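**Student:** Numbering that gives the first Met the number 0 numbers the first residue of the sequence shown as 0 and each following residue consecutively.
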Amino acid sequence: MGTLATESIPGTEPAAESKAATTAAATSLPAAVKSMRPETRRSTSGLRATDVYAAVGAAAASLSITGLLYTRLTGFTGFVGFVVIAYVLFIGLYALLISFDESGPAVRDRIVSAFVHSMGVLLLIALVSVVLYTLWEARRALPHMNFFIEDMTNAGPLEPLSVGGIRHAVIGTLIQIALALAVTVPAGLLCAVFLNEVPGRYARFVRTIVEAMTALPSVVAGLFIYALAIVALGVDKSGLAASLAITVMMLPIVIRASDVVIRLVPGTLREASYALGAPRWRTAWHVVLPTARSGLTTSVILGTARGIGETSPVLLTAGVTTVTNLNPLSGPMISLPLATFQFVKSPEQTFIDRGFGTAATLLLLVLVLFVIARVIGGRGPGQLTRRQLHRKVLGSRKDLRRIEGRRSTEQLSTALAQEPTRSEQ
Numbered sequence: 000m001g002t003l004a005t006e007s008i009p010g011t012e013p014a015a016e017s018k019a020a021t022t023a024a025a026t027s028l029p030a031a032v033k034s035m036r037p038e039t040r041r042s043t044s045g046l047r048a049t050d051v052y053a054a055v056g057a058a059a060a061s062l063s064i065t066g067l068l069y070t071r072l073t074g075f076t077g078f079v080g081f082v083v084i085a086y087v088l089f090i091g092l093y094a095l096l097i098s099f100d101e102s103g104p105a106v107r108d109r110i111v112s113a114f115v116h117s118m119g120v121l122l123l124i125a126l127v128s129v130v131l132y133t134l135w136e137a138r139r140a141l142p143h144m145n146f147f148i149e150d151m152t153n154a155g156p157l158e159p160l161s162v163g164g165i166r167h168a169v170i171g172t173l174i175q176i177a178l179a180l181a182v183t184v185p186a187g188l189l190c191a192v193f194l195n196e197v198p199g200r201y202a203r204f205v206r207t208i209v210e211a212m213t214a215l216p217s218v219v220a221g222l223f224i225y226a227l228a229i230v231a232l233g234v235d236k237s238g239l240a241a242s243l244a245i246t247v248m249m250l251p252i253v254i255r256a257s258d259v260v261i262r263l264v265p266g267t268l269r270e271a272s273y274a275l276g277a278p279r280w281r282t283a284w285h286v287v288l289p290t291a292r293s294g295l296t297t298s299v300i301l302g303t304a305r306g307i308g309e310t311s312p313v314l315l316t317a318g319v320t321t322v323t324n325l326n327p328l329s330g331p332m333i334s335l336p337l338a339t340f341q342f343v344k345s346p347e348q349t350f351i352d353r354g355f356g357t358a359a360t361l362l363l364l365v366l367v368l369f370v371i372a373r374v375i376g377g378r379g380p381g382q383l384t385r386r387q388l389h390r391k392v393l394g395s396r397k398d399l400r401r402i403e404g405r406r407s408t409e410q411l412s413t414a415l416a417q418e419p420t421r422s423e424q
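#1: Report the three-state DSSP secondary structure of Leu95 (helix, strand or coil).
#2: Can the beta-carbon of Ile165 be found closer than 8 Å to that of Gly306?
#3: Which one of Ile252, Thr349, Ser298 has the shortest CA to CA distance from Phe369?
#4: Closest by CA to Thr296, which one among Asn326, Ala274, Ile261?
#5: Count the other CB atoms, across all protein chains shown, that sit within 10 Å of the CB of Asp258; report buried if there are 16 or more and exposed otherwise.
#6: Which residues in the same chain as Tyr69 place their Cβ atom closer than 8 Å to its Cβ, once the five residues preceding and following it in sequence are excluded?
#7: Below 8 Å on the Cβ atoms is my guess for Thr172 versus Ala240; work out the distance and round it to an integer in Å.
#8: Please report the distance separating the alpha-carbon of Ile245 from that of Val129.
#9: Is the Cβ-Cβ distance between Ser242 and Pro327 less than 8 Å?
#10: Thinking C-beta only, is Pro312 closer than 8 Å to Ile224?
#11: Along the chain, which unbroken stretches of the alpha helix (DSSP H) at least 4 residues long are found entirely within the segment 154-242?
#12: Three or more beta-carbon pairs under 8 Å between the segment 107-120 and the segment 80-95, yes or no?
#13: Could you check what DSSP says for His143 in three-state terms: helix, strand or coil?
#14: What does the alpha-carbon distance come out to for the pair Arg406 and Gln387?
#15: In this structure, how does DSSP classify Ser412 when only helix, strand and coil are distinguished?
#16: Excluding five sequence neighbours on each side, which residues of the same chain lie with their C-beta closer than 8 Å to the C-beta of Thr349?
#17: To the nearest whole angstrom, what separates the beta carbons of Met151 and Thr321, a pair I think is in contact under 8 Å?
#18: Using the C-alpha atoms, what's the distance from Val209 back to Ala228?
#19: Which residues in the same chain as Val55 place their Cβ atom closer than 8 Å to its Cβ, once the five residues preceding and following it in sequence are excluded?
#20: Determine the DSSP secondary structure at Arg467, reduced to helix, strand or coil.
#21: Measuring only the C-alpha atoms, how far is Glu136 from Ser217?
#22: Give the secondary structure of Leu88 by DSSP, where H, G and I count as helix, E and B as strand, and everything else as coil.
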């Protein structure tokens with residue numbers, strides 16, 4: 000039997016050998032041929048040199064043709080018309096140049112890609128233009144240190160920029176946003192968790208209301224708080240009333256953004272937590288919220304950016320003042336957007352400069368808050384700070400000492416229990 004197992008069947012061995020030789024010849028190359036073919040790196044980038052050349056050529060040709068139309072062939076004038084005609088010509092010329100080397104679907108793909116990228120560049124240019132223009136117009140007010148540490152108590156319409164400042168507006172904005180966040184953050188996050196963790200008809204109804212409130216005009220929120228708090232309840236125009244109006248504007252933004260972020264948490268994490276016996280509230284607290292922490296921080300930033308720049312609700316509920324008010328429960332309390340609105344209404348150039356300086360300060364304040372929020376919430380789930388890691392190491396060492404002490408105690412008790420037996424022997 001062993002001899003039969005090791006012998007090959009007659010007529011099959013040559014066929015197997017020829018098949019192996021054919022496979023080796025088809026899948027391998029001689030060493031000399033391999034040495035003649037150097038290894039080349041394959042580019043995986045979607046951007047090619049021909050696309051760049053086509054885009055540059057189309058841009059140069061469109062600008063040249065548009066310039067010829069505006070200066071020689073027609074009587075067109077205006078910067079906006081020049082840009083629109085040049086852009087339309089650019090898209091057409093770019094499609095023409097791409098069609099020489101690509102097929103129809105590839106040409107359409109390149110045209111859509113060029114359109115999307117150009118719209119992104121347009122939005123970026125608009126944003127940068129607004130920021131740079133505001134900073135440029137604020138160049139006369141920002142260098143004065145008194146602009147940040149004084150209020151407008153002693154500054155009249157004809158006073159120079161060396162007198163007066165926006166201290167009262169900065170403090171008022173911080174107080175109003177702090178009060179609004181104290182209500183918005185817990186209420187918004189709790190509502191977002193409810194919408195995702197407790198599905199049902201009521202959750203769908205609440206989501207519909209939140210989506211409707213997202214498009215609520217700011218002046219309606221101001222009128223609502225004015226009618227409810229100031230007219231009906233008799234509350235004076237103050238920082239508290241303004242913070243309530245800002246809360247109405249911030250709350251749907253925070254809820255909607257947090258709802259979208261929590262939806263992105265994988266369902267397997269919830270299922271694993273439920274399988275380990277954790278209740279629903281503990282799963283939401285220890286699994287869902289830590290996983291979506293960065294996104295939730297971003298949602299709070301969006302709500303803060305919406306609330307910190309509101310003017311209409313504050314105009315109806317906060318009142319206007321030129322002095323610093325630290326009490327949000329009584330007396331008018333002005334904010335940075337409202338101060339900007341009041342400054343630029345004046346025909347005096349010094350007040351207009353103060354208005355642009357106030358707007359630039361608002362931009363810088365939003366930037367600082369954004370950086371702080373990203374530093375706090377930018378860590379991933381489970382990623383600890385140095386202090387938390389040090390505390391965890393100390394706790395592990397403490398647990399190790401306790402385990403070793405318990406082990407030594409058990410060994411000592413075992414030795415003491417065995418000692419009478421040895422003495423008897």
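Don't be surprised by glycine CBs; every beta carbon is placed ideally from N, CA and C. Just so it is clear, the structure is predicted and the values come from calculations on it, not from any experiment.
**Tutor:** Once the coordinates are examined:
#1: Of the three classes helix, strand and coil, the one that applies to Leu95 here is helix, per DSSP.
#2: Result no, Cβ atoms of Ile165 and Gly306 do not sit closer than 8 Å.
#3: It is Ser298 whose Cα lies nearest to the Cα of Phe369.
#4: For Thr296, the nearest C-alpha among the options comes from Ile261.
#5: Buried.
#6: Cβ within range, chain order: Phe75, Thr76, Phe81.
#7: About 15 Å separates the beta carbon of Thr172 from that of Ala240, a gap too long to meet the 8 Å contact definition.
#8: For Ile245 and Val129, the distance between alpha carbons rounds to 24 Å.
#9: Here Ser242 is near Pro327, since their CB atoms are less than 8 Å apart.
#10: For Ile224 and Pro312, yes; Cβs fall inside 8 Å.
#11: Runs found: 166-196, 200-213, 217-224.
#12: They touch, by the three-pair rule.
#13: His143 falls in the coil class under three-state DSSP.
#14: Answer to the nearest angstrom: the Cα atoms are 28 Å apart.
#15: Ser412 sits in a helix when the DSSP states are folded into three classes.
#16: So the list reads Pro156, Leu157, Glu158, Pro159, Leu160, once near-sequence residues are dropped.
#17: Indeed they touch by this definition, with Cβ atoms about 4 Å apart.
#18: Rounded to whole angstroms, the gap between the alpha carbons of Ala228 and Val209 is 22 Å.
#19: Counting only Cβ-Cβ distances below 8 Å, and skipping sequence neighbours, we find nothing.
#20: With the chain running from 0 to 424 in the structure shown, residue 467 is simply not present.
#21: For Glu136 and Ser217, the distance between alpha carbons rounds to 27 Å.
#22: It is helical.
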